Amino acid sequence: MTTDATADPVDLTAEAERLQLLASPVPGRVLYVLSELRVPDALLDGPFTAARLAAMVGAEEGALTRVLRIAAQLDVVEEVTAGRWGLRPAGRLLCDGTGGGLRAEFADNDLFALWTGFLHSVRTGESCYKEVFGSTLFERLSEKPAERQLFHQHMHERAHLVYPPLVRSALWPDTGVLVDLGGGTGGLLEQLLAERPGLSGVLHDLPEVLELSPLPNVPQLAGRVRLTPGDVFSGELPPGDVYVLASVLHDWPEAQAVEMLTNCRAVCGPGTRLLVVDRVLPEQGGGLAVHNDLLMLAAVGGRERTMTEWRVLAGRCGFEINVVEGAPETDLSILEFRPG
């Protein structure tokens, strides 16, 4: 075996350091600590010294200082002057009530513990949630009302972060009845109805989810929104002019996705549209969506899909995809399904 002396040598030391940084749990755990202690909320009135900040959030000064150093590398905080820490724009996404919706996600310790069982997912193609926690995510939310409330509160906040770029799309109807299937507490529907005063909406989900929805108490939506309890998989779906499945299908593997879409197809007449809001994976390459694809596998056994996979799935259920529309501010797209 010979070595080409003219080839660029590989700096194995640098490569080892790169891989160690990639495998490090430190960045995620730092974001968890900041979120759990509400450090960004405290820094809204900053900058503060580490000592002052530690007293405010209930931390040991020296340990918190070490956390802040990594947080500065992540561009979440900054050392404004020697020993005084302030908040960076990204840090505001970890604050309560600022429209970010990321604090609850990063403060979820289970999200990190989940990955200890990821090998099970790779070996089986199934979620590892039950392996780690003893029940599936949806079973857990069904059995624990307090956790269910926090989960759907987080999802509602996230809806106001990720959907606004798509709410402006002309694919949404201005009049008629829009039925949001599996729409949770109505974070997307609330925005669509607010933008379109001539549109009425139906929020369709499980009864224990609908009871958490704030939509019946929104004055602007009075008389324009109706909540109907039911199962998107097999139950009778409410009548409407346009249906939407937003961030729903990626929660499920093919068999369940086919079951859900087949149920939707049964209520779609020749002129009815189904708008699917979800990620479209690139056929090659990566990005945030590829990372989220593995999270879906680990958490619920779901998946993100390429455009090819979306068309195959639609065809299996009697749909055709006519239009795909995205927006530069989000990794989500709207896929217009029509009866084939």
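Residue 54 in my numbering sits at position 48 of the sequence shown, and the numbers go up by one each step. We treat Cβ as the ideally placed atom computed from N, Cα and C, and that holds for glycine. Model, not experiment: these values are computed from the prediction.
Between residue 234 and residue 215 the beta-carbon gap is near 12 angstroms, outside 8 angstroms, which marks them as no contact. If you check the CB distance, residue 280 and residue 325 come in under 8 angstroms. Cβ atoms of residue 183 and residue 247 come within 8 angstroms of each other, at about 5 angstroms. Residue 346 counts as exposed, since fewer than 16 other beta carbons sit within 10 angstroms of its beta carbon.
Beta-bridge partners of residue 206 (DSSP): 183. Fully contained in the stretch 72-125 are the following alpha helix (DSSP H) runs of length 4 or more, in chain order: 109-112 and 115-119. Taking 8 angstroms as the cut-off, the beta carbon of residue 155 is found closer than this to the beta carbon of residue 218.
Shortest Cα-Cα distance from residue 200 to any of 209, 224 and 187 involves 224. Put simply, the stretch 205-214 does not touch the stretch 257-277. Fewer than three CB pairs are less than 8 angstroms apart. A straight-line Cα-Cα distance of about 23 angstroms links residue 262 and residue 125.
Taking C-beta atoms as the reference points, residue 81 and residue 96 count as a pair closer than 8 angstroms. For residue 77, same chain residues with a beta-carbon under 7 angstroms away, outside a window of 5 residues either side, are 36, 40 and 83 in chain order.
Following the DSSP letters along the chain, one finds residue 144 in no beta strand (DSSP E) but inside the alpha helix (DSSP H) bounded by residues 143-149. Residue 239 counts as exposed, since fewer than 16 other C-beta atoms from the protein chains shown sit within 10 angstroms of its C-beta. Separation of residue 181 and residue 70 (C-alpha to C-alpha, rounded to the nearest whole angstrom) is 53 angstroms.
Taking 4 residues as the shortest admissible run, the stretch 261-341 contains the following complete alpha helix (DSSP H) segments, listed from N- to C-terminal end: 294-306 and 313-322. When the beta-carbon positions are compared, residue 283 and residue 172 come within less than 8 angstroms of each other.
Using a Cβ distance threshold of 8 angstroms, residue 98 and residue 46 count as a contacting pair. Distance from the CA of residue 285 to the CA of residue 260, rounded to the nearest whole angstrom, comes to 15 angstroms. As the crow flies, the alpha-carbon of residue 54 is around 19 angstroms from that of residue 42.
Counting C-beta atoms within 10 angstroms of its own C-beta, residue 60 has 16 or more neighbours from the protein chains shown and is therefore classed as buried.
Your pair residue 307 and residue 132 checks out as a contact, with CB atoms roughly 5 angstroms apart and the cut at 8 angstroms. Distance from the CA atom of residue 102 to the CA atom of residue 62, rounded to whole angstroms, is 16 angstroms. Here DSSP, grouped into helix, strand and coil, assigns residue 169 to coil.
Shown here for residue 257: same chain residues with a beta carbon closer than 8 angstroms to its own, the five before and five after excluded, namely 302, 306 and 308 in chain order. Within 10 angstroms of the beta-carbon of residue 30 lie fewer than 16 other beta-carbons, which makes it exposed. Between residue 115 and residue 169, the CB-CB gap reaches or exceeds 8 angstroms. A distance below 7 angstroms between beta-carbons, with the five flanking residues on each side excluded, links residue 331 to the following residues of its chain, in chain order: 175, 177, 339 and 340. Residue 252 carries a strand assignment under DSSP once its states are collapsed to helix, strand and coil. With a contact defined as Cβ atoms closer than 8 angstroms, residue 327 and residue 333 miss out at about 18 angstroms.
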